[in-house]
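2 protein chains.
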Amino acid sequence: MTVSRVINGNGYVSHSTRERVLSVAREMSYRRNALARGLKRQQTETVGLVLGDIANPFGAELARGVREVLTARGYTLFMCVSERSAREDIAAFDTLADHRADGIIVATRASKLGNDRLAEITEMGIPVVLIGREFRHPLADLVTADHLRGGHEATTHLISLGHRRIGFVGASLSNVSGLKRFQGSVEALREHGLPVDETLILGSDGREQMPGYATEEMGFDCMKRLLQLREPPRAIFARNDITALGAISAIKSAGLRIPQDIAVVGYDDIPLARHTSPPLTTIRQPTHELGKLAAQLLLRRIESREPPRREEKILDCELVVRESTIGAA
Amino acid sequence: MTVSRVINGNGYVSHSTRERVLSVAREMSYRRNALARGLKRQQTETVGLVLGDIANPFGAELARGVREVLTARGYTLFMCVSERSAREDIAAFDTLADHRADGIIVATRASKLGNDRLAEITEMGIPVVLIGREFRHPLADLVTADHLRGGHEATTHLISLGHRRIGFVGASLSNVSGLKRFQGSVEALREHGLPVDETLILGSDGREQMPGYATEEMGFDCMKRLLQLREPPRAIFARNDITALGAISAIKSAGLRIPQDIAVVGYDDIPLARHTSPPLTTIRQPTHELGKLAAQLLLRRIESREPPRREEKILDCELVVRESTIGAA
DNA sequence: AGTACACCTGTTAAGGTTAACACACAGGAC
DNA sequence: GTCCTGTGTGTTAACCTTAACAGGTGTACT
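Chains as they are written, first to last, in my numbering: chain E, 35 to 363; chain P, 35 to 363.
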């Protein structure tokens, strides 16, 4: 009835009526029912963000970017975590679809099962945007950082410092971003005529279950194994900063110095990276931008009458040189 | 109609009918509408978690504990972030209330405005459980770690190592947990007849806005100021591990050694703490347990017919001694 | 035969909201 | 007087699901 007009502030309502409605509403501590509203209006002004590892500051920053754009446009963000398995991914997609989220942003690792369900959901007409996840679909946009170039730059940096034996910590076949970083690294080696020594490439050892998000634990373990080699690498490229921190820890506990004995490059430029000892050379992803862009693309999809042309945006990364690669001060 | 019975698996449905329904459902890629369902059933099997800083691994671990319990019982967890202001807190509460979440777990800092709205929501009959947030209400349960004792233990540890000038990094009047840690610390000093030197207590300097979650930036800044004192402290108790990392960074960039020149104790025992250099002595909170317990208390409230008696659980912390306080290997 | 019960299916209404429409009145323009 | 427009209010139906009930068939037991 007239109440709706008051609550939503559209249509004509006389001042006195409005006051009366508001006062009664206050008195009975009325809250409008978003379920009924969504049901009727066929839109909920709600967006779901599916994150993998929320312990990684990278995910936090991503969420921040997404939220910034969404709240400015009046949307609510609900975050779902899916850290263990494709099953959790699917559960998150289903829940968001069931609750009629207006759109979904997905930043978890790809998996066969997950992608299949994602395709279904996309085809049902729910706008979907991926962040750094391998899933191509004509109805879903994709944003990602240029990990190929990032990996390339990181490695080129090490090569330019004279390193010839470069270890890779945190290799993973199932994570696209990680894989691209690795590929970029290999390309750089090839370009400089350096051999790719497989004994220097360590990852999660097959015992990788779905989480596979690289942890400091993993960095620590891999680095320890590298140090046990007859001729350990003199430089390390880690799949991300968290992994790099683990590697640094392992190097130090072996009594070696960074960068004099072993140089380390990370990836992501998490806030902590500038405060490690030594401060970590790393590849900065435009994390915040990625989140904002994903949200913008999603809103474009949500608010346009018919499905817009698919967008795939690849943002540049940037090498940030700190003291973990060049001795200093 | 019969469809509902098939979808929900209750009531009698013949095999053939069930198959027919399922096949049609698949064909039209039917998804049940959680809005309509929630509207009709007056429950959504959905719980909201309001987190402050999701970049802090502490929040991540908390969420993990909460989720573990909820999913096992068939509930869905939606996370909302409120990192900047009391306004965001309120927005999150409102959204969750509007969407008829069955219950809300709140782990953000207390604020006058936020608590007022929380009281309203609680009194509307929505189950609420607080984690480490100062908000007492007969209808809301509270779980927290014993920060008073934690702060006491950390400081006692430093005193037992012979320290007499102990700095406190990250003081904040507006954060209860932080405040308790500080109080515990002061009590320990008093018990040992040591003076409380206010020049050694640094926080966010009044320029604290709502976020106030202590960052490594803050730890770095405070520590730098402490080092500029005529007689800097020889030991530091940081409000949390992230802050401690910042402090460590500042100490090192001043060319001092840990723990020989300055000992450092953190708080939380985040995964990274064992991988810093040197590994960080810290107070371990039963983070995962806190999350689980909060979820259990919430479910109790949700599922009991009439409001149960208020529970307030205080879990013990534990000192984890590592090399940032006692020189070693 | 009559009664009880298990099994299966359909009808109705309600949950809270809003789009669409209908109506009513006032004031101004012609 | 008629028409138009702006303002204010009310009615209806629909969004999709499910609780409650009603009704049907068939089998088993007394």
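Backbone N, C-alpha and C fix where the C-beta goes; we use that ideal spot for every residue, glycine too.
Values in this document were obtained by computation on a predicted structure and should not be read as measured data.
Quiz prompt | Residues that residue 67 (chain P) contacts on chain E, provided the C-beta gap is smaller than 8 Å | solution = Think of a sphere of 8 Å around the beta carbon of residue 67 (chain P): the chain E residues whose beta carbon falls inside it are 73, 132 and 134, in chain order.
Quiz item: How should residue 46 (chain P) be labelled, buried or exposed, when 16 other C-beta atoms within 10 angstroms of its C-beta is the threshold for buried?
Solution: That one is exposed.
Quiz item: Does the separation of the CB atoms of residue 80 (chain P) and residue 135 (chain P) fall below 8 Å?
Solution: Yes; because the gap between Cβ atoms is below 8 Å, this pair is in contact.
Practice problem: Check the DSSP bridge columns for residue 113 (chain P) and list the partner residues they point to. | Solution: Answer is E:113 and P:83, bridged to residue 113 (chain P).
Quiz prompt | Partner residues on chain E for residue 158 (chain P), Cβ-Cβ distance less than 8 Å | solution = Neighbourhood of residue 158 (chain P) in chain E, by CB distance below 8 Å: 63 and 65, in chain order.
Quiz item: Since residue 318 (chain E) sits in a beta bridge, which residues does DSSP pair it with?
Solution: Looking at the DSSP output, residue 318 (chain E) bridges to E:302 and E:352.
Quiz item: Any beta-carbon of chain P closer than 8 Å to the one on residue 351 (chain E)?
Solution: Not an interface residue.
Quiz item: Can you tell me whether residue 296 (chain P) is buried or exposed, with buried defined as 16 or more other CB within 10 angstroms of its CB?
Solution: So residue 296 (chain P) ends up on the buried side.
Exercise. State yes or no: is the beta carbon of residue 88 (chain E) nearer than 8 Å to at least one beta carbon in chain P?
Key: Yes, because at least one Cβ of chain P sits closer than 8 Å to the Cβ of residue 88 (chain E).
Self-check item: Partner residues on chain E for residue 112 (chain P), Cβ-Cβ distance less than 8 Å
Solution: Under the 8 Å cutoff, chain E gives 112, 113 and 114.
Quiz item: Considering only the beta carbon of each residue, do residue 186 (chain P) and residue 211 (chain P) sit closer than 8 Å?
Solution: No; because the gap between Cβ atoms is not below 8 Å, this pair is not in contact.
Practice problem: Establish whether the CB of residue 254 (chain E) and some CB of chain P are separated by less than 8 Å. | Solution: For residue 254 (chain E), a Cβ of chain P is located within less than 8 Å of the residue's own Cβ.
Quiz prompt | Limits of the alpha helix (DSSP H) - the one that residue 178 (chain E) falls within | solution = Segment 174-179 is the beta strand (DSSP E) holding residue 178 (chain E); no alpha helix (DSSP H) there.
Quiz item: Among the residues of its own chain, which have a CB less than 8 Å from the CB of residue 354 (chain P), if the five just before and after it don't count?
Solution: Here the set comprises 303, 307, 315, 316, 317 and 318.
Quiz item: What are the complete alpha helix (DSSP H) segments, minimum 4 residues, inside the region 111-168 of chain P?
Solution: Complete alpha helix (DSSP H) runs here, min 4: 120-132 and 146-157.
Self-check item: Minimum C-alpha distance to residue 233 (chain P) - residue among P:221, P:163, P:270 and P:250
Solution: Taking only the C-alpha atoms, the option nearest residue 233 (chain P) is P:270.
Quiz item: So residue 101 (chain P) and residue 85 (chain P) are in contact, right, with Cβ under 8 Å, and what is the actual spacing, rounded?
Solution: Not a contact, Cβ separation roughly 12 Å.
Exercise. Identify the contact partners of residue 214 (chain E) in chain P, using a Cβ-Cβ distance below 9 Å as the criterion.
Key: Within chain P, no residue comes near residue 214 (chain E); the closest Cβ sits about 24 Å away, beyond 9 Å.
Quiz prompt | residue 58 (chain E) burial status per 10 Å Cβ neighbour count (16 or more: buried) | solution = It is exposed - the Cβ of residue 58 (chain E) has fewer than 16 other Cβ atoms within 10 Å.
Self-check item: Contacting residues, own chain, Cβ-Cβ under 7 Å from residue 171 (chain P) (five flanking each side not counted)
Solution: Closer than 7 Å at Cβ, skipping near neighbours: 153 and 156.
Self-check item: chain P contact residues for residue 280 (chain E), given Cβ-Cβ distances below 8 Å
Solution: One finds 309 in chain P with Cβ atoms closer than 8 Å to the Cβ of residue 280 (chain E), taken in chain order.
Quiz item: With DSSP run on the structure shown, which of helix, strand or coil describes residue 226 (chain E)?
Solution: The DSSP-derived three-state label of residue 226 (chain E) is coil.
Quiz prompt | According to DSSP, residues forming a beta bridge with residue 347 (chain E) | solution = Residue 347 (chain E) is bridged to E:177.
Quiz item: Out of curiosity, what's the CA-to-CA distance linking residue 251 (chain P) and residue 311 (chain P)?
Solution: Rounded to the nearest angstrom, the two C-alpha atoms are 18 Å apart.
Quiz prompt | Cβ separation of residue 203 (chain P) and residue 273 (chain P), assumed to be a contact under 8 Å, to the nearest whole Å | solution = Yes, residue 203 (chain P) and residue 273 (chain P) are in contact; Cβ-Cβ is about 6 Å, under 8 Å.
Quiz item: the region 141-175 of chain P: which residues have C-beta closer than 9 Å to a C-beta of chain E, in chain order?
Solution: Taking 9 Å as the Cβ-Cβ cut-off against chain E, the residues of the region 141-175 of chain P that qualify are 154, 155, 157 and 158.
Quiz item: Does the beta-carbon distance from residue 169 (chain E) to residue 321 (chain E) come in below 8 Å?
Solution: Contact: no.
Quiz item: Considering residue 88 (chain P), what are the terminal residues of the beta strand (DSSP E) in which it resides?
Solution: Per DSSP, residue 88 (chain P) belongs to no beta strand (DSSP E) and is neither H nor E.
Quiz item: If you draw a straight line from the alpha carbon of residue 44 (chain P) to that of residue 70 (chain E), how long is it in whole angstroms?
Solution: Taking the straight line from one Cα to the other gives about 25 Å.
Self-check item: 7 Å Cβ cut-off: residues of chain E touching residue 306 (chain P)
Solution: Within 7 Å Cβ-Cβ: 250 and 279.
Quiz prompt | Between the CA atoms of residue 52 (chain E) and residue 253 (chain P) - distance to the nearest angstrom | solution = Spanning the two alpha carbons is a distance of roughly 51 Å.
Practice problem: Check whether the Cβ of residue 91 (chain P) lies closer than 8 Å to any Cβ atom in chain E. | Solution: Closer than 8 Å to some Cβ of chain E, the Cβ of residue 91 (chain P) qualifies, so yes.
Quiz item: Using the rule of at least 16 other Cβ atoms within 10 Å of the residue's Cβ for burial, across every protein chain shown, is residue 177 (chain P) buried or exposed?
Solution: Sixteen is the threshold: when 16 or more other Cβ atoms of the shown chains lie within 10 Å of the Cβ of residue 177 (chain P), as they do, the residue is buried.
Quiz item: Could you give the residue range of the beta strand (DSSP E) that holds residue 200 (chain P)?
Solution: Residue 200 (chain P): member of the beta strand (DSSP E) spanning 200-205, first to last residue.
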